[in-house]
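full-length UniProt numbering numbers the first residue of the sequence shown as 1 and each following residue consecutively. Glycine included, every Cβ here is placed at the ideal spot set by N, Cα and C. Note that this is a predicted model, so its numbers are computed, not measured. Inspection log for the structure reproduced underneath, given as structure tokens.
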Amino acid sequence: MRIKGNKQLAIPVCIGIVRGRYNVVIFISFLIAGMSLHHVFPDHTIANHDFVMANTESLGFLDDISSATWNLMKAKVSEMSPNYNTWCLPHMDLDGKERGDNCLRNREPFWFYQNHYEPDFVCQHERRIGNLGDGGKWICDPHRIVKQDSCLVYSIGSNNDFSFEESVFKEISSDCEIHTFDFRDYNEGAKKAGVHYHQVGLGMDIPPRYKSLSTIVKSLGHEGRIVDIFKIDCEGCEWFTATKWFEADITLRQIQIELHNADIQQTPKFFDLMYKNNYVITHKEPNIANAGGKKAIEYAFLKLASEFSKDIVRPDGAASEKAS
């Protein structure tokens, strides 16, 4: 047997073994990498399943937030509750006695809003729709409205300024159905803006000048629908109409409102009402250019399901009716 021949035969065999082991190593490496990528970018079905909590508790609006992140957002709302300074609110104790001297400034609107009711919920893709100055509104994740099958907007109060409505058409969707309400005659401006104008104010049912939200909804045939944006700036009507908003057969998904002045009983009562109807505060902006810079403030609210806040302890900020 010739040694030389054996060496020639052995070399290809060894090379084949090395190559085989090399291929196995490569295969295992790719397998591990694939498992790692699956961990970072999970299966679409699994990912969707992880969004169920946020999707359900936001009434189908926030459909891409993980359960871990959602629980952090819930914890923030819970930790901020009751979202007012308890050494000043409620303004009376159970015996009807006014709180201490340090709380007397609660009667001043700028002091009240500086010390109570901060945003407790963040919309990651919040955008300002409309003017950068007075008239523009901060909307929670408007790109989500674009994805919907329909878009319905109620704009309460006009003063013949349709810049917000025009921006909704331009920046959210030209297919949005926008209804503007004001008891003054701004029909010509509304026609140019392309909105449905109703010459009626929001209030108690005192036709033809004022209608309740329930009456408006019924007259428009909007029962059971969702109002994606409920923009309201009615120079004080919010205080005596708010309790009736939630009697209407309609869901107000987002509420963008300008509050005028502050009352140590009425204003906390308004926020109590909002929280009891499962709203969170997404934005707060003082109107320093108007109302003397002290008496008007913008708030934005988002409606969530009752499951979101079922474990949140939230005592009323308004004094009990017996005490007040």
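Scanning 56, 73, 54 for the CA closest to the CA of residue 282 turns up 73. One thing to note: residue 182 has its Cβ within 7 Å of the Cβ of residue 158.
In this model, residue 267 and residue 86 are separated by some 15 Å (Cα to Cα). Taking C-beta atoms under 8 Å as the contact rule, residue 287 and residue 134 qualify, at a distance of about 6 Å. Distance from the CA of residue 285 to the CA of residue 70, rounded to the nearest whole angstrom, comes to 25 Å. A Cβ-Cβ separation of about 10 Å leaves residue 309 out of contact with residue 277 under the 8 Å criterion.
Counting along the chain, no alpha helix (DSSP H) covers residue 254; the unbroken beta strand (DSSP E) around it starts and ends at 254-260.
The segment 143-158 and the segment 209-228 touch, with three or more beta-carbon pairs separated by less than 8 Å. Taking all protein chains shown into account, residue 122 has fewer than 16 neighbouring C-beta atoms within 10 Å of its C-beta and is therefore exposed. In its chain, beyond the 5 residues on either side, 197, 199 have a beta carbon closer than 8 Å to the beta carbon of residue 187. In the structure shown, residue 87 adopts coil according to DSSP, grouped into three states. By the neighbour-count criterion, in which 16 or more other beta carbons inside 10 Å mark a residue as buried, residue 164 falls on the buried side. Secondary structure of residue 319 (DSSP, three-state): coil. Contact between the segment 297-313 and the segment 246-262 is present: 3 or more CB-CB pairs across the two stretches fall below 8 Å.
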